[in-house]
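Contents: one structure, followed by commentary.
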Amino acid sequence: MVTPFIENTEFTPEVLVALRAQIQGEVIVPGDARYDDARQAWNLAVEQRPALIIIVANASDVAASVRFARAQGLGISVQSTGHGVVQPANDNLLIITSRLTEVRVDAETQTAWVEAGALWGMVLEKAQAVGLAPLLGSSPGVGVVGYTLGGGLGWLARKYGLAADSVRAFELVTADGNLRRASADQNSDLFWALRGGGGSFGIVTGMEIQLYPVSTVFAGNLIYPVSLAKTIFARYRDWIASAPEELTSSIVIMNFPPIPAVPEFLRGQTAVIIRGCYTGPVEEGQALLQSWLDWQAPIANLWHAMPFSEAGTISNDPKDPSPGVSSGAWLRDLSDETIDALIQYGVSVNGSSPLVVTEVRHVSGAMARVDKHASAFGNRDASLLLSLIGMAPTPEAAQAVRQHIGQLKTALQPHLTGGVYMNFLEGQEARERTPDAYLPENYRRLMAIKAQYDPDNFFRFSFDIPPVKNAPDGE
Ligand SMILES: Cc1cc2nc3c(=O)[nH]c(=O)nc-3n(C[C@H](O)[C@H](O)[C@H](O)COP(=O)(O)OP(=O)(O)OC[C@H]3O[C@@H](n4cnc5c(N)ncnc54)[C@H](O)[C@@H]3O)c2cc1C
47 MVTPFIENTE FTPEVLVALR AQIQGEVIVP GDARYDDARQ AWNLAVEQRP
97 ALIIIVANAS DVAASVRFAR AQGLGISVQS TGHGVVQPAN DNLLIITSRL
147 TEVRVDAETQ TAWVEAGALW GMVLEKAQAV GLAPLLGSSP GVGVVGYTLG
197 GGLGWLARKY GLAADSVRAF ELVTADGNLR RASADQNSDL FWALRGGGGS
247 FGIVTGMEIQ LYPVSTVFAG NLIYPVSLAK TIFARYRDWI ASAPEELTSS
297 IVIMNFPPIP AVPEFLRGQT AVIIRGCYTG PVEEGQALLQ SWLDWQAPIA
347 NLWHAMPFSE AGTISNDPKD PSPGVSSGAW LRDLSDETID ALIQYGVSVN
397 GSSPLVVTEV RHVSGAMARV DKHASAFGNR DASLLLSLIG MAPTPEAAQA
447 VRQHIGQLKT ALQPHLTGGV YMNFLEGQEA RERTPDAYLP ENYRRLMAIK
497 AQYDPDNFFR FSFDIPPVKN APDGE
């Protein structure tokens, strides 16, 4: 008989000896020298105190860990990097996959087998070596599996779609401790749920993904003074209206922090940036950008032809762990009113905005062509994705960022679709807004699949998908 979710569990020495005998990786409990280091997420604003941490060495360790947690009545969290913590891992078992980093690329089938702890940069390097590209996002330091389970929108999104749409198969350990394969032919309900449904259905140990023939791209940043913000946003709206799917782009209000890592001419400054990646012939990309250059010389034009292996330089996201708060929403439009709100709350005048990044990404394209019931992922017909990021070195600073984001969203209300993209939410907001990430019928199906595979909700630290067998309409 399992007692679900004991709080502040302490394990007897005998229990730990028996567990360590089964695990090839590392078993860490509070008080161990490694505990504080191991519980630290990449996002330094996350504070978590698991009852037990297991740094797994292989898929058998994952299965043994899940069985142990069940026997002890512990909830289970999983982390590869800690870039996207939804619920802090408190009083539970935290499974860390960071040592499972095998990546095997098959140039012939244009696929890769990727273990659960691999980072996008590892896949990018191996795939580029044979002229192929994975659908990574802005940061090569993000974990492949966590990103993909939430959807996965990167610089090839308009041409090749969501990372989740390019998964061929998952291997995972479900709540009963069994290792399963989920694909179009095997456990197809789980396969459907994992593509967009997050980490609520099991611990993924590896997955097979499709790669694409992309080697050189034309990509970068066009940096303009913030004084031109309103005109630039309006021009961007017109520019993307006819943009080909080879172009995935964004417009960014960036309040550069006054730190040495930022080039001197931008340090402490606010700028508006046209950012993007063109995957067709370089000359076509150059021609697309020319309309901006003809209109107004920027402070800096950093667009250039580059090997896709350098995709991480486009957004230049922080590599080292940082404390941050992030949020987002799907926008209905880039109307003048939307633009005014983004500028009012995004541009920092004498510290008026705690946001570092206010970005609108132009997506749609390939993502919108996939049937909206083909997988759990929702909001496929939306095309403008708002991403908001603020630094949060203290809990008070985090609170100030959240409050500011709340005010911006209130101001934007008529211009939000009501849908959210789970990868850009975190913490409480991610839990509360989970249903808004899905079509109502897809959310009901997710709850039913959850009831089948994890009826006791052991994996309850990801998106909020309760196990409900026959949820009525409207739930
Ligand atoms: C700097 C930065 C840049 C980003 N850029 C993009 C972007 O361009 N596009 C985009 O779509 N997203 C982006 N994101 C969001 C990112 O995709 C999510 O935060 C994602 O969850 C991170 O995955 P992770 O494994 O690195 O993080 P983790 O915090 O380790 O994992 C996040 C969650 O994923 C689930 N998970 C992880 N591993 C497993 C597993 N093996 N089995 C089951 N569940 C698992 C768990 O629920 C876990 O809580 C970015 C985030 C940051 C911080």
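Residue numbering for the sequence shown follows my numbering, beginning at 47 and increasing consecutively.
Even glycine gets a Cβ: it sits at the ideal position worked out from N, Cα and C.
Computed from a predicted structure; not experimentally measured.
As assigned by DSSP and simplified to three states, the class of residue i
i      : result
Thr220 : coil
Pro501 : coil
Ser421 : coil
Phe507 : coil
Ile278 : helix
Thr157 : strand
His408 : strand
Trp376 : strand
His129 : coil
Gly266 : strand
Ile297 : strand
Asn54  : Low per-residue confidence applies at Asn54: pLDDT is 49, beneath 50, and the placement is therefore not dependable, though the value from the model is reported in the following sentence. DSSP places Asn54 in coil when its eight states are reduced to three.
Pro518 : coil
Met47  : Its pLDDT being 40, under 50, Met47 is placed unreliably in this model, and the value from its coordinates should be taken loosely. Here Met47 sits in coil by DSSP.
Leu65  : helix
Gly358 : helix
Gly242 : helix
Glu472 : coil
Glu442 : helix
Ala179 : strand
Ile320 : strand
Proximity test, residue i beta-carbon vs ligand 1 heavy atom, cut-off 7 angstroms
i      : result
Val233 : According to the sequence displayed, residue 233 carries Asn and not Val. No, ligand 1 has no heavy atom inside 7 angstroms of this Cβ.
Thr143 : yes
Ser184 : yes
Asp363 : yes
His129 : yes
Gln45  : No information on residue 45 is available, as it lies outside the stretch 47 to 521 that the chain covers here.
Ile319 : no
Val188 : yes
Tyr258 : no
Asn469 : yes
Gly424 : no
Ala87  : yes
Ile122 : no
Tyr484 : no
Gly411 : no
Gly192 : yes
Val416 : no
Gly198 : yes
Gly314 : no
Gly244 : yes
Leu236 : no
Val298 : no
Ile249 : yes
Leu202 : no
Val402 : no
C-beta neighbour in chain D for residue i, strict 8 angstroms
i      : result
Asp500 : In summary, chain D is missing from the structure at hand, where a single protein chain is found.
Contact check, residue i vs residue j, beta carbons under 8 angstroms
i      : j      : result
Ile525 : Val402 : A question about residue 525 goes unanswered here, because the residues of the chain that appear run from 47 up to 521.
Ala351 : Phe264 : yes
Arg477 : Val176 : no
His408 : Ser433 : no
Ile255 : Val160 : yes
Ser2   : Trp238 : Beyond the ends of the chain as shown, which are 47 and 521, falls residue 2; an answer cannot be given.
Phe247 : Lys515 : no
Ser337 : Trp285 : yes
Leu181 : Ala162 : no
Asp510 : Thr480 : yes
Asp366 : Ser184 : no
Ala228 : Ala209 : no
Val149 : Met168 : yes
Val318 : Ala275 : yes
Cβ-Cβ separation, residue j to residue i (assumed contact under 8 angstroms), whole Å
i      : j      : result
Ser372 : Phe470 : 6 angstroms
His461 : Thr404 : About 14 angstroms separates the two Cβ atoms, so there is no contact after all.
Ala109 : Val219 : 5 angstroms
Trp166 : Pro186 : 5 angstroms
Glu292 : Lys205 : 6 angstroms
Val213 : Arg241 : 6 angstroms
Residue i CB to nearest heavy atom of ligand 3 below 7 angstroms
i      : result
Ser508 : Of the ligands this structure carries, namely ligand 1, none is ligand 3.
Item to check | Contact between the segment 448-464 and the segment 62-74 (3+ Cβ pairs under 8 angstroms) | outcome: no
Checklist entry - Given 8 angstroms as the limit, is there contact between the segment 135-144 and the segment 93-103, that is, 3 or more CB pairs closer than that? => result yes
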